Structure formats: C-alpha cells, structure tokens
Amino acid sequence: MLNVRLEYVHPWTNHAGMYLARERGLYKDKGLDVEFTSGDFFRGDPAYLLSRGEYDIALVRLNQLLFHQQGEASLISVAVMNQCQIGGIITNKSTGITRFRDLEGKRVCIPMGVKRLYTELEQAVAKDGGDFSKVITIDPGEWEPDIRSVERGKFDAFINVAWWEPFQGSQPFDQTVTLPFDSIDVAPHHSYYVCVRREFLDRNPVLVRDFVEATVQGYAMVREDLQAGVQALQPALCHIDPEVLEASLKAVLPSWFDGDGNWGTADLDMVRSYTQWMGEHGHLSVGLDDAIRAIDNQCVTNAFLPHGGEQVPKPMSLPDVG
Numbered sequence: 021m022l023n024v025r026l027e028y029v030h031p032w033t034n035h036a037g038m039y040l041a042r043e044r045g046l047y048k049d050k051g052l053d054v055e056f057t058s059g060d061f062f063r064g065d066p067a068y069l070l071s072r073g074e075y076d077i078a079l080v081r082l083n084q085l086l087f088h089q090q091g092e093a094s095l096i097s098v099a100v101m102n103q104c105q106i107g108g109i110i111t112n113k114s115t116g117i118t119r120f121r122d123l124e125g126k127r128v129c130i131p132m133g134v135k136r137l138y139t140e141l142e143q144a145v146a147k148d149g150g151d152f153s154k155v156i157t158i159d160p161g162e163w164e165p166d167i168r169s170v171e172r173g174k175f176d177a178f179i180n181v182a183w184w185e186p187f188q189g190s191q192p193f194d195q196t197v198t199l200p201f202d203s204i205d206v207a208p209h210h211s212y213y214v215c216v217r218r219e220f221l222d223r224n225p226v227l228v229r230d231f232v233e234a235t236v237q238g239y240a241m242v243r244e245d246l247q248a249g250v251q252a253l254q255p256a257l258c259h260i261d262p263e264v265l266e267a268s269l270k271a272v273l274p275s276w277f278d279g280d281g282n283w284g285t286a287d288l289d290m291v292r293s294y295t296q297w298m299g300e301h302g303h304l305s306v307g308l309d310d311a312i313r314a315i316d317n318q319c320v321t322n323a324f325l326p327h328g329g330e331q332v333p334k335p336m337s338l339p340d341v342g
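Structure, rendered in structure tokens:
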C-alpha cells in the first residue's frame with residue numbers, strides 16, 4: 021500500500037489527475053496500490069505526518085517543506101500541483117466588487133487569520149491603488165467560508181481557493197467574482213508540493229518515479245476528457261453536484277500545466293523568489309539562509325518527472341557513529 025496524504029480535509033478537483041490515474045489502473049500497472057487519505061490536523065499537518073513516516077507521500081506547502089529539513093526525515097518535493105497559487109478574493113456581482121481596491125469599506129474574511137494572507141491582501145489592495153486601512157478584515161476562527169457566506173450577507177468577500185469555493189453556492193456560476201492574487205502579481209508561488217521523505221526516496225527511487233509518471237499521465241487524461249475526471253472524483257465527493265465538479269475542474273485545469281504543457285514542473289526561480297518574499301515579510305518557518313540552502317541542495321527537484329531533465333539528488337550520506 022502506498023499511502024498518499026492530501027493537503028486538505030477532503031479531496032477536491034485539484035486531485036482529479038491522481039484519482040483518474042488510479043481508476044484507469046495507471047498506478048496498478050506499475051505495481052502500486054495507492055490509497056488517498058484526507059482529514060483534520062489533530063495529530064499534525066500533512067508535513068508532520070509525512071516526516072514521522074505515517075504516510076509515504078504528502079501534499080505540503082513550501083513553508084512546511086522548508087521547515088522539515090532534518091536528516092533522513094527531511095522532505096523533498098518531486099512535483100508541484102499547480103503552476104500558480106490557488107488563493108484569491110471570492111465574492112459575487114451583487115457586492116459591486118470587481119477589483120482589489122473595491123474592497124475598501126468591505127468586510128473581507130481571512131480564513132483562520134493566516135498572516136501571510138493579510139500581507140498578500142494588503143499588497144494587492146495597495147498595488148491596485150486602494151487603501152488597505154479601509155478594508156474591514158474578519159477572522160472567522162476555525163471555519164473556512166465559501167460563497168454561501170457572501171450570499172447570506174455574513175461577509176462581502178473572503179479569501180479562499182479561487183477554483184473551488186466559488187462554485188458551492190446557490191446562484192448561477194456566472195454570478196461569482198474571483199480576484200486571484202496572481203492576477204495582480206502578488207507573491208506568485210506554487211501552492212502545494214508533492215513530497216516524500218529523503219530516506220524513502222533513497223530506498224525507493226524507482227517507486228517514486230513510477231508514481232510521478234503515472235500521475236503525470238492521469239492529469240494529461242483529465243485534460244483530454246474532463247468528464248472522466250468528474251467521474252473519477254464523484255465516489256469520493258458523492259455529496260457534490262457533478263455540475264459543480266465540472267465547473268471547478270474547468271477553472272483549475274489550466275493551472276496544472278507549464279508553458280510546455282507538462283504537469284508537475286517546479287519553477288525554481290519562482291520557488292526562490294517566493295521564499296525571499298516570505299522571509300522579507302516574516303512568514304518563513306526557518307531562517308532565510310537556511311531556506312535558500314535547502315533549495316540549493318535540491319529539496320525541490322524536477323528530476324523524477326518524465327520531462328524533468330535534472331540530475332537525481334544523490335542519496336543522503338549519514339555519518340558513522342561509533
């Protein structure tokens with residue numbers, strides 16, 4: 021059994037390529053019995069669980085990846101999920117919000133009070149010529165809102181995944197408004213990294229390569245047949261209307277592929293620039309020098325992608341202890 025921990029409390033359309041790869045037997049053809057798991061963070065986030073060896077593969081954020089760089093338990097990224105960040109402002113047309121500076125005087129919910137999102141929002145509003153001090157920010161605690169909170173008048177807008185939460189309401193999809201942070205060039209980054217432990221990679225390089233190759237094929241299949249992606253996800257998301265899944269898939273799909281049409285490629289220049297941005301604004305989990313050193317030492321690699329063309333990281337050498 022190859023245990024894969026997803027990043028969120030439930031699967032969503034960003035995972036469609038993995039689910040289709042499993043349904044079509046692409047993992048099985050390589051001798052892999054893959055199980056996808058999601059859930060709460062009571063025992064730790066996916067990066068902690070992966071570093072403790074409770075999972076074989078996990079989807080984690082860059083900051084988490086950089087934090088877990090300790091010997092054999094170090095994490096290494098072998099693919100990225102998206103070529104851009106997944107977050108942005110979500111609202112509907114009734115609010116009159118069409119750009120970031122329109123958030124002045126509006127109630128904007130920032131899920132779980134994430135400080136990084138405050139910084140991104142502040143920069144986006146300022147870059148659009150607005151005054152962030154006039155934005156009314158709200159921390160909802162442990163609740164992550166979706167578009168229904170706007171429909172019910174709880175907030176005027178909120179920050180969340182621009183390809184999922186907009187489609188969870190009762191109004192027609194064309195009434196939603198999304199303002200991705202990438203649309204105004206604020207802190208561009210890959211949101212999630214497909215990671216393994218170094219010791220697991222050193223022992224199982226062929227297995228990791230096989231998993232990545234099958235996953236690449238799965239995402240390419242969804243691109244060719246969107247309905248196949250919907251059908252592969254439906255059993256795990258049986259409570260979600262297939263029209264919602266289709267709309268969300270159409271929205272998220274372009275973010276999967278790089279300029280050459282390949283899934284999984286990490287833009288190392290963007291990885292470094294985002295790390296620098298986090299360091300400058302106090303959001304890094306480790307020192308900036310340590311973070312850059314980890315990146316230079318290939319904690320993010322494209323070597324296991326079919327199109328990667330990078331040298332495979334050397335197995336970690338451990339000191340003899342007498």
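Using this note's numbering, the letters of the sequence shown correspond one by one to residues 21 to 342.
Ideal Cβ positions, reconstructed from N, Cα and C, are used throughout, including at glycine.
Note that the coordinates shown come from a computational prediction; the quantities given were computed from them, not determined experimentally.
Query	Result
Close beta carbons around P262, own chain, < 7 Å, minus the five adjacent residues each side	V250 and Q254
Per DSSP, the bridge partner or partners of P200	G108
Sequence-distant residues of the same chain with beta carbon closer than 6 Å to E233, five excluded per side	P326
7 Å Cβ cutoff met for Q188 and D166	yes
6 Å CB neighbourhood of L22 in its chain, flanking five on each side removed	L52, V54 and D76
Which of helix, strand or coil DSSP assigns to T33	helix
Proximity winner among F231, Y39, T321 and W183, relative to A267 (alpha-carbon distances)	W183
When T321, Q191, K147 and Q105 are compared against D122, the one with the closest alpha-carbon	K147
Beta-carbon proximity list for G307, same chain, < 7 Å, skipping 5 on both sides	none
Per-residue DSSP class, three states only, for I167	helix
For I117, the residue or residues it bridges with in DSSP	Paired residue(s): none; I117 is not in a bridge.
Residues bridged to N23 (per DSSP)	E55
For L82 and R217, believed in contact at Cβ under 8 Å, the rounded distance	That belief does not hold up - the Cβ atoms of R217 and L82 are roughly 17 Å apart, past 8 Å.
M132, buried or exposed, once every other Cβ within 10 Å from all chains shown has been counted against 16	exposed
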